[in-house]
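FYI, in my numbering the residues of the sequence shown are 26 to 785.
All C-beta atoms, glycine included, are put in the ideal place defined by N, C-alpha and C.
This structure is a prediction, so every number in the text was calculated from the model and none was measured.
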Amino acid sequence: MKMMLNKVTGRYRETPDELKASIWYAVGNIVQKAAPWLVMFILTHYLATKEYGVYTTFMSWLEIMEIVVTLRIYSNGYLTGLVHHEEDGNLYTASMQSLCFVLTAAWLIIYLLFHRWIDAFTEISMPLGILMICSFLGTAGYGLWSARQRMQNHYKRIFAVSVLYGLAGPVTGALSVFCNFKNPVFYVIFIRTAIQLFVAIPFFASNYKGSSAKWDKRYTAEALKFNIPLMPYYLSMVLLNHSDRLMIQKMKGYEEAAVYSVAYSVSMMVFVVSGAINLSLQAWMLKALKENDNRKDKSRMIKAGTVTVAFFSALEMILAPELIAVFGGKKYTEAVWVVPPLVICVIVMYIYQQYLNVLFYFGKTKWILIASVASALCNIGMNAIFIPAFGYTAAGYTSMVSYLFVMSFYFVIVKKECRREGIEMEIFFDTPFQMAVLLASLALAFSMMFLYKTVFLRCGIAVVITIAGLFVGIKGKQIMPYKRKKVRPVCITLLAVLAAVLFCPTAAFFQEKYEMGKCPSLYADKVYAIPGKDGKEHGFTCTGLFYDEKQKQFYIGNIGKERPGRTEFHASIEIVDRNFSCVSESIECYKVFKNMGDIQGVCMDREGRIWICSYAENLVRQIDRRGRPISEFPVDAPSGIACDNEDGTLWVLTNKYLIHYTKKGEVLKKIPMEKEGQDQLFLDSVHQKLYISAGDNYYGDSYIYTADLTTGQITLCYVLKDSYAIEGITLIGNELYVLNDGYYHDAKIPFNQVNVYRLP
Numbered sequence: 026m027k028m029m030l031n032k033v034t035g036r037y038r039e040t041p042d043e044l045k046a047s048i049w050y051a052v053g054n055i056v057q058k059a060a061p062w063l064v065m066f067i068l069t070h071y072l073a074t075k076e077y078g079v080y081t082t083f084m085s086w087l088e089i090m091e092i093v094v095t096l097r098i099y100s101n102g103y104l105t106g107l108v109h110h111e112e113d114g115n116l117y118t119a120s121m122q123s124l125c126f127v128l129t130a131a132w133l134i135i136y137l138l139f140h141r142w143i144d145a146f147t148e149i150s151m152p153l154g155i156l157m158i159c160s161f162l163g164t165a166g167y168g169l170w171s172a173r174q175r176m177q178n179h180y181k182r183i184f185a186v187s188v189l190y191g192l193a194g195p196v197t198g199a200l201s202v203f204c205n206f207k208n209p210v211f212y213v214i215f216i217r218t219a220i221q222l223f224v225a226i227p228f229f230a231s232n233y234k235g236s237s238a239k240w241d242k243r244y245t246a247e248a249l250k251f252n253i254p255l256m257p258y259y260l261s262m263v264l265l266n267h268s269d270r271l272m273i274q275k276m277k278g279y280e281e282a283a284v285y286s287v288a289y290s291v292s293m294m295v296f297v298v299s300g301a302i303n304l305s306l307q308a309w310m311l312k313a314l315k316e317n318d319n320r321k322d323k324s325r326m327i328k329a330g331t332v333t334v335a336f337f338s339a340l341e342m343i344l345a346p347e348l349i350a351v352f353g354g355k356k357y358t359e360a361v362w363v364v365p366p367l368v369i370c371v372i373v374m375y376i377y378q379q380y381l382n383v384l385f386y387f388g389k390t391k392w393i394l395i396a397s398v399a400s401a402l403c404n405i406g407m408n409a410i411f412i413p414a415f416g417y418t419a420a421g422y423t424s425m426v427s428y429l430f431v432m433s434f435y436f437v438i439v440k441k442e443c444r445r446e447g448i449e450m451e452i453f454f455d456t457p458f459q460m461a462v463l464l465a466s467l468a469l470a471f472s473m474m475f476l477y478k479t480v481f482l483r484c485g486i487a488v489v490i491t492i493a494g495l496f497v498g499i500k501g502k503q504i505m506p507y508k509r510k511k512v513r514p515v516c517i518t519l520l521a522v523l524a525a526v527l528f529c530p531t532a533a534f535f536q537e538k539y540e541m542g543k544c545p546s547l548y549a550d551k552v553y554a555i556p557g558k559d560g561k562e563h564g565f566t567c568t569g570l571f572y573d574e575k576q577k578q579f580y581i582g583n584i585g586k587e588r589p590g591r592t593e594f595h596a597s598i599e600i601v602d603r604n605f606s607c608v609s610e611s612i613e614c615y616k617v618f619k620n621m622g623d624i625q626g627v628c629m630d631r632e633g634r635i636w637i638c639s640y641a642e643n644l645v646r647q648i649d650r651r652g653r654p655i656s657e658f659p660v661d662a663p664s665g666i667a668c669d670n671e672d673g674t675l676w677v678l679t680n681k682y683l684i685h686y687t688k689k690g691e692v693l694k695k696i697p698m699e700k701e702g703q704d705q706l707f708l709d710s711v712h713q714k715l716y717i718s719a720g721d722n723y724y725g726d727s728y729i730y731t732a733d734l735t736t737g738q739i740t741l742c743y744v745l746k747d748s749y750a751i752e753g754i755t756l757i758g759n760e761l762y763v764l765n766d767g768y769y770h771d772a773k774i775p776f777n778q779v780n781v782y783r784l785p
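And the structure:
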């Protein structure tokens, strides 16, 4: 053990300062960034969804306004200025600190004069607006101080201070929710801001230390000239990061914005690693560009960073469901589907950030402006199209496409600038290697979408892909001769990625078949024929089944269409006795709703009112026992419906989702579900489970799934060996009634019947 410790210690001592800095920045970032995760955990569990949506909206505007107010003087422009004015660093730093004070004071005055219009636009109250601007003083002071420490490789000092500054304010503010203040969001932000301003006082003193003058007109003019053109870049990058949430909030409401925010926060966990690596590489890279030495290959550190970021990204994509459950809780379960594309964004950001360092050094801010604004506008445009159509999930993919566009644009520009400045781009960037890592990460991301519900299989495949990627990254030169200008490595990587993409869905298919094989196979204990209507012998076209416990009667949907080729519908609800001996009453819906078409799904609430799915009209309707309309709300392609009489809500099954509604049509929850042939629902209120039917109309088995209403998890429970074209299910005691419609669907069973299964 002692020998191992000595070996590790020796390796650490031999490690270059830049790599040591990366390690300590990563550790510091992990501790510092633990604050937003801890804050998210506290607020999502103790605030209402709408209140948390207000908080996330404030944080989105905070990042936008921070750019406008401070111009991010302390960021890339300051580091570049320190490299160019290394001999006069004290005066340069003091001038930047004074400039930040002046800018913040000026914007505070502007806000106080025009706060009514600003508050109306941002939907943020005046007290929160003042706190927002005041917080920028601490941000700028800490930013200048930490940037200079990075330039001098004082990583231990940064580690200690960043932990204090990053944790104290946010965590203490979040803990204020336990005090039960009347306006909890205000106190969370107020306490956070007050503590961070107090902690920032030593930073202000340090930034002025060593300089008798506090202001140099030449340096401030240079900083403004450099940073003002970058403001659209910073804003567009923030728009890429936050326009999604703001647009979701405007289009879909605070609740969906909150769900997306949880997915975004979880996805950005890996940014702790990529950000730490970039912070250490930025200072090193600016110095290396100043030396302009083309004799030595400098790409090793950037390649190592790429592999490291990809490795942690893979782990995050694998563990996305668990991370969402821990940091968001059960009400944010569906956020998992947005995580993979957002994690890919982090990898892309790491790659193009190295290109940006080159452009910052040479002062080519014009190209940065063009690329960033174009990508932000592209993202906003795609969001405007796809969020209304596909919901908040689309925002993750629009962000990924926008970031890929930015990366491609920067690559072309940097290649051109390096050629102009006499720098060999290949000395810094091993582009084929980075693209291979990115493609492998994309393959893993999309495969996880198939495998999130198969825990062991997704973990196994992800581990294999991750180990293979690490092995190629570390031992690539021993595996085969590597020449950048040859395409063999890239082709082999692409083939491996293609194999992974094809293998993962195939593995998921066989995994699902394996799970089906483990489920109990059931055969009907009893079979009832559906009675005919109006003297007909073979029943009617059934589409929905509900059992009224009080009246001891079944309500069965009747599509009113006898053959597939018939265009006329006479949809109705048939009331049948307990033993399926006769039709006692018919509710003729088609006479009331002229454009109704068919019925898909029937249920009844505790007030005795009937709910039906009108598939052709994309509506859910509430009617009384005479068929008269009471209410309706739109649902895309509803096929099954169940009423929760415990809380008076509805569950509706569509082609893609299992959706929880209020009776007014307000969405409470959406569970992604796309099982082949999914059609009908039954709610077991006692055990909080939904039974869902799926299967083929003609040949093959049918299946019963259950959805746990607490966790949202969907599980295959039973294989029905002798039911086909299932058009209704209900549970009476431990007997499952399954309605088979062979009248319209030409199923294996020629006539309508109800199969009764005794559940084990």
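Listed in chain order, the non-local C-beta contacts of G690 below 6 Å within the same chain comprise F658, local neighbours out to five positions each way being set aside. In terms of Cα proximity to Q221, the closest of A165, R173 and M326 is A165. Judged by beta-carbon spacing, E76 lies within the 8 Å limit of V210, meaning their Cβ atoms are closer than that value.
In this structure, L708 places its C-beta atom within 8 Å of the C-beta atom of C668. Between G626 and C638, the gap from beta carbon to beta carbon is short of 8 Å.
DSSP lists no bridge partner for G622. Secondary structure of V608 (DSSP, three-state): strand.
Secondary structure in the segment 671 to 745: the beta strand (DSSP E) runs of 3 residues or longer, each lying completely within the stretch, are 674 to 678, 682 to 686, 692 to 697, 706 to 709, 714 to 720, 727 to 733 and 739 to 745 in chain order. Taking a 10 Å sphere around the C-beta of A130, we find fewer than 16 other C-beta atoms and assign the residue as exposed. DSSP places D602 inside the beta strand (DSSP E), whose first and last residues are S597 to D602.
With contacts defined by Cβ atoms closer than 8 Å, G102 and L255 form a contacting pair. In the three-state scheme derived from DSSP, where H, G and I count as helix and E and B as strand, K391 is classed as helix. Your pair S338 and I302 does not check out as a contact, with CB atoms roughly 13 Å apart and the cut at 8 Å. For S237, the secondary structure class from DSSP, reduced to helix, strand or coil, is coil. With respect to the 8 Å criterion, Y749 and S718 are not classified as neighbours on the basis of their beta carbons. For the alpha helix (DSSP H) assignment, the uninterrupted runs of no fewer than 4 residues enclosed by the segment 397 to 484 are, from N- to C-terminal side, 418 to 446, 450 to 453 and 456 to 476. Taking 8 Å as the upper bound for CB-CB distance, D550 and Y762 are not in contact here, some 11 Å apart.
With fewer than three CB-CB distances shorter than 8 Å, the segment 398 to 409 does not count as touching the segment 445 to 455. In the structure shown, E574 falls within a coil segment according to DSSP collapsed to helix, strand and coil.
In this structure, K695 is the residue among G673, K695 and K688 with its C-alpha nearest to the C-alpha of T679.
Counted as a single uninterrupted DSSP element, the stretch harbouring W362 is not any beta strand (DSSP E), since DSSP gives it neither H nor E.
In summary, Y548 is exposed, with fewer than 16 beta-carbon neighbours lying within 10 Å of its beta-carbon over all protein chains present. Annotated as proximal: S236 and N115, with beta-carbon spacing under 8 Å. Annotated as proximal: Y730 and L741, with beta-carbon spacing under 8 Å.
Residue range S324 to I343 is occupied by the alpha helix (DSSP H) that includes F336, with no beta strand (DSSP E) assigned at that position.
Non-local beta-carbon contacts of A409 in its own chain, meaning distances under 8 Å to residues more than five positions away in sequence, involve M272 in chain order. One alpha carbon belongs to I555, the other to E341, and they sit about 53 Å apart. The Cβ atoms of A329 and G191 lie no closer than 8 Å to each other. Of the residues assessed, S424 falls on the buried side of the cut-off, its CB having 16 or more other CB atoms within 10 angstroms. For F126 and Y136, the gap between their C-alpha atoms comes out near 15 Å. Boundaries of the alpha helix (DSSP H) harbouring C159: M151 to M176, taken from the DSSP string. Under the 8 Å Cβ criterion, the segment 409 to 422 counts as touching the segment 355 to 369, having at least three qualifying pairs. Per DSSP, L311 has no beta bridge partner at all. Between R650 and I624 a beta carbon distance of about 15 Å is seen, past the 8 Å cut, so the two are scored as non-contacting. Within the same chain, Cβ atoms closer than 8 Å to the Cβ of T105 are found at F251, L311, F385, Y386 and G388, the five residues on either side in sequence being excluded.
Rounded to whole angstroms, the gap between the alpha carbons of A461 and V334 is 14 Å.
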